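Notes for the one structure printed next.
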Amino acid sequence: MKILYGTTNQAKLQAMRNAIEALDISIIGLNDINSKIPKVNECGKTPLENAELKAKAYYETFKIPVFSCDSGLYFDELKDEEQPGVYVRRIHGKELSDDEMIAYYSSLAKRYGGQIIGQYRNAIYFILDENHCYWSMDQSIATEPFILSAVPHPKRVAGFPLDSLSIDIASGQYYYNLDLKDVSSSVEDGIKAFFKESLSNFSNK
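Here our numbering is used: the sequence shown runs in plain steps of one and ends on residue 275.
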């Protein structure tokens, strides 16, 4: 089955392909569509609301199975009104570049002594057809808690700027210094289970 992932971010596209490579699914991204991509106003208050807005817009335009994802970033040390939430990259109304994100979040961690504890809450909204939609913002697709450091690792991966600031709590090591683990590694099993269950439910209808 070919499914559209509603993203132009190649790093996110490859990460999703890696997560579900054991399933009989072929994933394409928005850059693979030879058509104008609709602009979606991501005005939702939660990651799930934004994922739904994007998935419905892309399904309406392209009429093929599609899913969209969204994330919110939350820190133990911050008050509710201070949380980045769904505005991880949009700070004070400005869309930050990768380098600007590293600079902003480094300074945030510095204000709290050099390290703060964060977690990404992720959401996914999957449309197979007009009558079959599946979604999740379950803890199984959230990342494990991690340390966000004021001191960035020298490694950079385009599209994942905050990975350069992320430290594994158990080992105290930057994820980039660990062989097989990153801040999203705990998400893959949950993502795979979500697609497996959704497709099973669809085929049994």
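Just so you know, even glycine gets a beta-carbon here, dropped at the ideal spot from N, CA and C.
These numbers come from a predicted model, not from an experiment.
Cβ-based burial, residue i [other Cβ within 10 Å; buried from 16]
{"i": "C113", "result": "exposed"}
{"i": "G183", "result": "exposed"}
{"i": "M71", "result": "exposed"}
{"i": "K106", "result": "exposed"}
{"i": "R160", "result": "exposed"}
{"i": "P231", "result": "buried"}
Cross-strand partners of residue i (DSSP beta bridge)
{"i": "N192", "result": "S141"}
{"i": "C203", "result": "I197"}
{"i": "E165", "result": "R160"}
Among the options, the one whose alpha carbon lies nearest that of residue i
{"i": "L178", "options": "S167, E152 and N79", "result": "E152"}
{"i": "F196", "options": "Q84, K109 and E130", "result": "E130"}
{"i": "K115", "options": "Y128, L143, G229 and I103", "result": "L143"}
{"i": "S219", "options": "D168, D140, R181 and D208", "result": "R181"}
{"i": "A125", "options": "G99, G260 and E258", "result": "G99"}
Inter-residue Cα distance where the pair is residue i and residue j
{"i": "S236", "j": "S138", "result": "24 Å"}
{"i": "K82", "j": "K133", "result": "22 Å"}
{"i": "L148", "j": "P224", "result": "26 Å"}
{"i": "T78", "j": "L123", "result": "16 Å"}
{"i": "I172", "j": "L166", "result": "9 Å"}
Supposed close pair residue i, residue j - CB separation, criterion 8 Å
{"i": "I187", "j": "I217", "result": "6 Å"}
{"i": "F265", "j": "I95", "result": "7 Å"}
{"i": "I73", "j": "P117", "result": "No, I73 and P117 are not in contact; Cβ-Cβ is about 20 Å, not under 8 Å."}
{"i": "A193", "j": "S176", "result": "That pair is no contact at about 26 Å."}
{"i": "T213", "j": "Q185", "result": "Not confirmed; about 17 Å, so no contact."}
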